[in-house]
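The structure appears below as structure tokens.
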Amino acid sequence: LSAQVTLFIDPKQIMYYLPTSCLVLFFLVSLFHSLPCASSKPGLGWCEALFQCGNITAGFPFWGGNRLKPCGHPLLELRCIKNITSLSISNHEYNVFHIDQTSNTVQLARKDLLGSFCSATSITTTLPPEVFQLSPTYKSLNVLYHCDPKLSYRSSYTCPALGLFSMSQSHDYHNSCQNSFTVNVPTSFVPNERESSLTHLESVLRVGFEVKLVIDKIPCQECSSSRGICGFNITSQICCNVTSPSGGVTCVTQHPPSANELRIRCGESFSCGNQGGISYPFWIPGREACGHPDFKLECSGGFAELNIDSVKFRILDVSYSKYITRGRGIRLGRAYIGDLCPLKPINVPLIESVLQFAVDTELLTLYYDCQFHSSAISATSYAGELGCDGGRSYYVTRNLSSPLLDESRGLLNKLRGMCKRNVSVPASGPALDTLKRSPNLNNLKTALEQGFEVGPNQDCWICLDYGGACGYNQTSSEFVCYCNDGIHNRSSHCRYRSSFDDLVETGTIVIILILIAACSLAGVIALLVLLCPCFGVQIFRKRKTSDERRQKKLKALIPLKHYTYAQVKKITKSFAELVGRGGFGIVYKGTLSDGRMVAVKVLKDSKGNGEDFINEVVGNKTNSVVTES
3 LSAQVTLFID PKQIMYYLPT SCLVLFFLVS LFHSLPCASS KPGLGWCEAL
53 FQCGNITAGF PFWGGNRLKP CGHPLLELRC IKNITSLSIS NHEYNVFHID
103 QTSNTVQLAR KDLLGSFCSA TSITTTLPPE VFQLSPTYKS LNVLYHCDPK
153 LSYRSSYTCP ALGLFSMSQS HDYHNSCQNS FTVNVPTSFV PNERESSLTH
203 LESVLRVGFE VKLVIDKIPC QECSSSRGIC GFNITSQICC NVTSPSGGVT
253 CVTQHPPSAN ELRIRCGESF SCGNQGGISY PFWIPGREAC GHPDFKLECS
303 GGFAELNIDS VKFRILDVSY SKYITRGRGI RLGRAYIGDL CPLKPINVPL
353 IESVLQFAVD TELLTLYYDC QFHSSAISAT SYAGELGCDG GRSYYVTRNL
403 SSPLLDESRG LLNKLRGMCK RNVSVPASGP ALDTLKRSPN LNNLKTALEQ
453 GFEVGPNQDC WICLDYGGAC GYNQTSSEFV CYCNDGIHNR SSHCRYRSSF
503 DDLVETGTIV IILILIAACS LAGVIALLVL LCPCFGVQIF RKRKTSDERR
553 QKKLKALIPL KHYTYAQVKK ITKSFAELVG RGGFGIVYKG TLSDGRMVAV
603 KVLKDSKGNG EDFINEVVGN KTNSVVTES
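Throughout, our numbering is defined as the position within the sequence shown, counted from one, plus 2.
If you want it as structure tokens, here you go:
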């Protein structure tokens with residue numbers, strides 16, 4: 003059950019309802035109401051304030067300064083002394099050099115390692131794994147000290163306090179050294195190389211190391227999307243909202259969504275601006291786990307737009323397809339390119355590991371502020387003048403590595419060396435073919451306005467094929483596939499999930515209807531099984547009575563000789579020779595024991611009382627006819 007606190011403030015009395023006796027939450031809500039703030043949400047503004055110190059700005063999950071303790075994780079208190087931000091981890095002080103809340107990373111350095119290494123505290127500090135994870139570009143290094151001077155080491159130094167010490171990624175010299183502690187260094191740092199002197203080690207330690215926060219930010223993102231304020235009750239995330247006109251605040255414990263909840267959420271597309279049916283790698287607030295960090299969409303201007311390195315791209319059309327061809331992909335366009343001569347043209351490559359280009363996409367290259375005016379441009383159909391910088395800007399309509407440009411390599415080298423800026427813009431191959439046939443600025447603008455086609459990478463399509471939904475783990479900075487059986491990375495796949503599983507998982511009543519139908523069918527079958535013997539007995543009795551009546555009537559009419567079925571089968575040699583088809587049955591050729599030839603008619607129609615058949619027998623009594631009834 004979610005822990006809730008409801009607070010009602012009255013000039014004369016304060017009443018509160020506290021089902022879980024959570025005093026921390028009560029303190030949090032009291033603070034929200036008793037302290038003034040300039041927030042748009044009166045009473046909730048203290049956790050909207052950001053921690054600021056020097057060049058460091060931080061919000062959730064940090065606290066400190068203007069952010070009160072319930073606004074962040076207990077282990078993430080930031081302090082500011084003389085514009086220097088610090089953080090205490092395992093009773094050791096760390097300087098904070100940088101906080102990137104988009105990538106959820108923090109650059110830290112131990113205070114005692116900022117000066118001389120020999121004066122450092124020889125104690126290992128452990129990063130709490132529930133909060134911090136060492137970034138993959140860093141590693142832990144063992145510093146073994148008070149080592150036996152009689153032995154040789156790959157890297158060894160001497161300090162007054164540490165004696166002879168050595169550094170190693172393993173515990174190779176553990177038995178020959180009295181003590182050890184660890185430091186974090188870049189993965190490129192190799193202690194047994196000559197250049198890894200003590201001075202070099204000290205310079206590396208002063209730069210610090212990077213950690214990732216492993217606190218799940220999805221609950222807070224969901225809280226923010228509902229206009230709530232994120233906070234902590236000890237180590238549990240909470241979301242607080244104003245729930246009554248009088249200022250009542252309710253704080254609810256936030257639980258991270260399950261993998262299957264993320265699968266269902268990220269499996270649904272969304273709309274933005276004038277576009278619908280959008281999904282991975284794009285995202286909007288509330289869907290952070292469903293998209294890549296670089297592909298956040300802005301929807302306020304009536305369009306679906308994203309900014310990559312301050313360059314705006316616009317989604318022109320959406321059609322998801324595994325095989326990206328013209329008209330079957332996500333069509334993007336660079337929004338700024340309506341002006342072919344921007345003041346500061348910026349080259350921004352798309353992340354092709356996230357979005358792959360359609361097969362007919364080419365890179366159009368624009369060259370600006372060139373230091374020459376070349377007549378050779380008109381000699382090739384793959385290049386032309388752009389019309390900026392007084393005629394000193396140009397464009398090339400094919401990928402620069404294309405063999406189609408082999409004859410123009412001299413010109414391309416000149417453009418590359420004598421133009422101050424160049425910008426590569428993806429464009430449709432067919433549109434560039436039109437520009438090649440008719441090189442003019444109108445066709446150039448048309449090619450840029452039509453945009454280019456992209457689609458999700460193969461990792462995403464494999465995930466979708468296995469019934470998952472594509473997403474991104476901002477803590478580990480990698481693509482993930484949300485499945486009904488957990489969260490998988492690109493090296494593993496979901497257990498196959500049928501649509502029936504979805505119906506059961508979402509609590510649909512279909513399975514109940516199926517069970518009811520199955521039970522009903524089983525009941526009907528059981529009833530038929532019970533009644534069939536009764537019907538069979540009645541039919542058998544009726545047929546037997548009819549046959550007996552017919553035999554008695556035949557014997558009374560004429561003195562015929564009667565044959566058994568076995569005798570008739572012998573006479574006809576097992577009904578081997580068909581003579582013809584007559585009324586009421588089939589006629590076979592037979593031979594009696596005395597050699598006489600006979601025709602044997604087998605009655606096939608047992609319906610009625612047999613009067614017509616009897617009349618036929620009587621009519622043929624002078625002939626040698628054997629009739630089997």
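Beta carbons are placed, not taken as given, at the ideal position from N, Cα and C, and that holds for glycine.
Element boundaries [alpha helix (DSSP H), containing residue i]
i, result
"Asn445", "Leu443 to Gln452"
"Gly431", "Gly431 to Arg439"
"Gln223", "Ile220 to Ser227"
"Lys571", "Tyr567 to Ile573"
"Glu204", "Leu200 to Val209"
"Gly419", "Arg411 to Met420"
Inter-residue CB distance, residue i and residue j (contact presumed, cutoff 8 angstroms)
i, j, result
"Cys268", "Gln256", "Cys268 to Gln256, Cβ: 18 angstroms. No contact."
"Phe305", "Arg316", "5 angstroms"
"Gln171", "Asn144", "7 angstroms"
"Ala1", "Ile489", "The shown model of the chain, from 3 to 631, leaves out residue 1, and the question about it has no answer."
"His100", "Ile217", "18 angstroms between Cβ atoms; not a contact."
"Ala78", "Pro63", "Note on residue identity: the sequence assigns Leu, not Ala, to residue 78. Yes, they are in contact, since the Cβ atoms of Leu78 and Pro63 sit about 6 angstroms apart, within 8 angstroms."
"Gly275", "Gly303", "7 angstroms"
"Leu357", "Val456", "4 angstroms"
"Tyr484", "Arg336", "Contact doesn't hold; Cβ gap of about 31 angstroms is too wide."
"Val251", "Thr245", "7 angstroms"
"Cys49", "Ile231", "5 angstroms"
Classification of residue i by the beta-carbon crowding that lies within 10 angstroms, buried from 16 upward
i, result
"Cys343", "exposed"
"Met169", "buried"
"Arg229", "exposed"
"Ser430", "buried"
"His375", "exposed"
"Asn491", "exposed"
"Leu580", "exposed"
"Glu270", "exposed"
"Val526", "exposed"
"Glu2", "The requested residue 2 is not part of the displayed model; the chain covers only 3 to 631."
"Ser281", "buried"
"Glu224", "buried"
"Gly233", "buried"
"Leu523", "exposed"
"Val570", "buried"
"Asn235", "buried"
"Gly567", "Note that residue 567 is Tyr in the sequence shown here, rather than Gly. Flag for Tyr567 reads exposed."
"Pro130", "exposed"
Nearest candidate by alpha-carbon position, reference residue i, set the options
i, options, result
"Leu434", "Gly453, Arg333, Lys422 and Val425", "Gly453"
"Asn309", "Leu352, Gly67 and Leu345", "Leu352"
"Pro458", "Gly303, Tyr155 and Phe284", "Phe284"
"Glu132", "Ile231, Gln223 and Thr237", "Thr237"
"Val633", "Leu166, Asn243 and Phe211", "Nothing about residue 633 can be reported from this structure: the residues present for the chain run from 3 to 631 only."
"Leu318", "Tyr369, Tyr396, Gly279 and Leu207", "Gly279"
"His450", "Leu466, Gln277 and Asp341", "Checking the sequence shown, residue 450 turns out to be Leu, not His. With distances taken between Cα atoms, Leu450 lies closest to Asp341."
"Tyr384", "Lys416, Gly335 and Tyr396", "Tyr396"
"Gln103", "Cys222, Lys572 and Ala122", "Cys222"
"Ser178", "Ile573, Gly165 and Ser190", "Gly165"
"Ser355", "Tyr474, His564 and Thr574", "Tyr474"
Range of the contiguous beta strand (DSSP E) that encloses residue i
i, result
"Asp319", "Val313 to Asp319"
"Asp147", "In the sequence as displayed, the identity of residue 147 is Tyr instead of Asp. Note, Tyr147: beta strand (DSSP E), Tyr140 to Cys149."
"Arg112", "Thr107 to Arg112"
"Gln135", "Phe134 to Leu136"
"Gly233", "Ile231 to Asn235"
"Leu605", "Met599 to Leu605"
"Lys591", "Gly587 to Thr593"
Alpha-carbon spacing of residue i relative to residue j, whole angstroms
i, j, result
"Pro347", "Phe183", "51 angstroms"
"Cys24", "Lys71", "Note that Cys24 scores a pLDDT of 38, beneath 50, so its modelled location is shaky and nothing firm can be said."
"Cys421", "Leu413", "12 angstroms"
"Thr126", "Ser142", "11 angstroms"
"Asp296", "Ile86", "30 angstroms"
"Cys149", "Thr160", "10 angstroms"
"Gln476", "Asn106", "7 angstroms"
"Asp461", "Leu136", "26 angstroms"
"Asp487", "Gly470", "10 angstroms"
"Val84", "Cys496", "Looking at the sequence itself, residue 84 is Lys, so the reference to Val does not match. In a straight line, the C-alpha of Lys84 is about 52 angstroms away from that of Cys496."
"Leu116", "Leu153", "30 angstroms"
"Phe119", "Ser205", "10 angstroms"
"Lys214", "Leu207", "18 angstroms"
Residue i beta carbon near the ligand ZN (any heavy atom closer than 7 angstroms)
i, result
"Gly431", "Among the ligands in the structure shown, none appear at all, so the ligand ZN cannot be discussed."
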